[in-house]
Amino acid sequence: MRNALGERLARMPVTYLIAPVLAAAALSAAIAPSALAAPNPITIWVDVSRAATVSEFLKDGYQGHPVNVVTKELSAIKAELTTVPADQAPDVIWADNTWTGELAAASLIVPLTLSPAKKALFAPNVLSGFQFGFNYYGIPVQYETWALVTNAALAPKPPATFAKLSTKALALKAAGRADVGLAVGQGVKGNAYFTYPLFSGLGGYIFGKDTSGSLNPFDVGVNNSVFRKNTKIIDDWNSTGLINSSVDVVAAEAAFKAGRAPFWITGPWSASTLQALKFKYFISPVPRIDASLVMAPLLGIKGFMATSYAEAHGLGDVVPGLVVKKLSGSTFQSNMAAISLRAPANKKSTYSTSIGGRLAQAFGTAGVDGVAMPNIPQASSVWGPLSTAWAKSTSGSEATPAKKAFSAAQDEIQKAIG
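This note's numbering puts the first residue of the sequence shown at 32, with every later residue one more than the last.
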């Protein structure tokens, strides 16, 4: 009997001590590869000028995930997003706000959750550039718009009203001191972007908004009733020679550089030209044509979007947080905007004290009443007809009356949209 008990005791350590070791070994074999594998990297597509800034800012990764920055031309980012294999696709993209509607409709980007505090970091008109329907699909980082640049040698101070601008410009032309009254680049095909301040100042708009605050493609305001009443003013600008569509973007810049135009409508893309000028100048908002109508410049906005590929990469819960929490910061946005001398979107961001920083700030201030570039696909149907209307109505003695030109533009746009 003692021998039987001894045999049982002798067997017990073998049975109960070896089994846990075997289990641990099996568990180790199952867990080790996963535990040692590197976390999935977050891939960001951005243009080459900003790649170094993004890489440095995210050199430590985000929430344990390394960040891989890939450089692409801006146009290639959008084009390749639709064709790239999923395993090579980006999780975050540097994007233009005008892509929002198209990419959202194609389910290539995901909506972001923005708290009231996060929304408050941005001016509503800037943030709206990434709104589509009831959702926001991007975090704005910078914006650009045009302003009025005044030659201080020809006009001692910026005009307070558009009527004063017109009077001064025409007087300088009559005295032989100026060749171009208002240097706004158009050319024979027109340029609806550069003439937009004049368009909005007369009551024109491209699209109205629906109840969600998103653009309504079926509310086209190119020839709305308010604008229609003001088309005679365009005819006056044409007959006096204040504006002429024969002046293209190159000619407008040349006239101002040569001191032969008192006023020039341009934006921060002309920073190098402005920095090289030998005369003093002012940068200010384009003055109102009608005191009751806001001169609303178009805002070209760029920022970051989270793509739908992040979910397939196992990063669906991580990437939106990176975009919303990390890339919205004021210091980062200050650095990003400074690269291209654009205004940072975050209201707490700062500008450098260099002349480039002061230029960016001046143009940013001029855009305070701006409206975001249309971000719905139907906007592509607008620019051609609207540009043509401006070209035809400001072409000198052969000009088409503005009322007729813009009515034709409205009809063409509505037909294209359907």
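Glycine residues also receive a C-beta, built at the ideal position from the N, C-alpha and C atoms.
In DSSP terms, what residue i is bridged to
i      : result
VAL77  : THR102
HIS344 : HIS344 pairs with nothing; no bridge assigned.
GLU175 : GLY331
TRP421 : For TRP421, which the question treats as bridged, DSSP gives no partner whatsoever.
MET336 : ILE124
TRP295 : VAL180 and ALA214
ASN377 : PHE153
ALA403 : LEU330
VAL251 : PHE238
ILE108 : In DSSP, ILE108 forms no bridge with anything.
TYR168 : In the DSSP output, where bridge partners are listed per residue, TYR168 has none listed.
Sub-7 Å separation of residue i and residue j beta-carbons
i      : j      : result
VAL141 : ALA337 : yes
PRO293 : LEU185 : yes
VAL123 : PHE335 : yes
PRO351 : LEU143 : yes
ALA302 : LEU390 : yes
ALA214 : SER418 : no
TRP125 : VAL79  : no
ILE332 : GLY132 : no
PHE193 : PRO318 : yes
HIS344 : ASN128 : no
Euclidean distance between Cα positions of residue i and residue j
i      : j      : result
GLY169 : ILE274 : 38 Å
PRO416 : GLY232 : 19 Å
THR113 : GLY160 : 21 Å
SER197 : ASN269 : 12 Å
LEU229 : ILE320 : 8 Å
ALA55  : GLY95  : Note on ALA55: pLDDT 36, under 50, position unreliable in the model; no value is reported.
TRP414 : ALA69  : 48 Å
ASN261 : THR431 : 15 Å
ALA82  : PRO121 : 14 Å
SER383 : ASP267 : 42 Å
PRO405 : LEU246 : 8 Å
GLY244 : TYR167 : 11 Å
ALA209 : PRO189 : 16 Å
ILE265 : GLY272 : 11 Å
LYS150 : VAL402 : 17 Å
GLY398 : ALA206 : 33 Å
GLY252 : ARG373 : 29 Å
GLY395 : ALA148 : 22 Å
LYS311 : LYS288 : 11 Å
VAL172 : SER428 : 45 Å
ASP279 : GLY449 : 32 Å
LYS109 : LEU308 : 36 Å
ASP348 : ALA117 : 18 Å
LYS434 : LYS263 : 7 Å
GLN445 : SER256 : 16 Å
LYS204 : GLY212 : 7 Å
ILE62  : LEU145 : Residue confidence for ILE62 is low, a pLDDT of 44 falling below 50, so the modelled location carries little weight and cannot support an answer.
PRO248 : GLN409 : 6 Å
SER361 : TYR174 : 14 Å
GLY92  : ILE370 : 22 Å
VAL354 : ASP241 : 27 Å
ALA286 : ALA191 : 23 Å
LEU305 : GLY218 : 22 Å
ILE237 : THR102 : 34 Å
First and last residue of the uninterrupted alpha helix (DSSP H) at residue i
i      : result
THR304 : 302-306
ILE265 : 262-271
PHE287 : 280-288
ASN366 : 361-370
PHE161 : From DSSP, PHE161 is part of no alpha helix (DSSP H); its letter is neither H nor E.
SER387 : Before going further, note that residue 387 is Gly rather than Ser in the sequence given. Note, GLY387: alpha helix (DSSP H), 386-397.
THR192 : It is not in any alpha helix (DSSP H) - THR192 carries neither H nor E in the DSSP assignment.
GLY132 : 131-136
Limits of the unbroken beta strand (DSSP E) element including residue i
i      : result
ASP118 : Neither: ASP118 is in no beta strand (DSSP E) and is coded neither H nor E.
TRP125 : 123-127
LYS240 : 238-240
TYR227 : TYR227 -> not in any beta strand (DSSP E); alpha helix (DSSP H) instead, spanning 227-232.
ASN275 : Note, ASN275: premise wrong, no beta strand (DSSP E); not H, not E.
ASP442 : Premise fails: ASP442 lies in the alpha helix (DSSP H), 433-448, not in any beta strand (DSSP E).
ILE314 : 312-315
For residue j and residue i, believed in contact at Cβ under 8 Å, the rounded distance
i      : j      : result
ALA447 : GLY221 : Contact doesn't hold; Cβ gap of about 17 Å is too wide.
ALA439 : SER424 : That belief does not hold up - the Cβ atoms of ALA439 and SER424 are roughly 10 Å apart, past 8 Å.
ALA327 : ASP400 : 5 Å
ALA137 : SER315 : About 41 Å; that fails the 8 Å criterion.
LEU139 : SER411 : Not confirmed; about 18 Å, so no contact.
SER378 : LEU152 : A small fix is needed here, since residue 378 is Lys in this sequence, not Ser. Correct: roughly 6 Å between the Cβ atoms.
VAL180 : THR84  : Incorrect: roughly 28 Å between the Cβ atoms, too far for contact.
ASP250 : GLY235 : That pair is no contact at about 13 Å.
TYR227 : LEU329 : 5 Å
SER365 : SER380 : 4 Å
LEU105 : VAL98  : In fact, because the Cβ distance is near 20 Å, the residues do not count as touching under 8 Å.
ALA376 : VAL157 : 5 Å
Short CB-CB distance (under 7 Å) between residue i and chain D
i      : result
GLY169 : Annotation note: the requested chain D is absent from the structure, which comprises a single protein chain.
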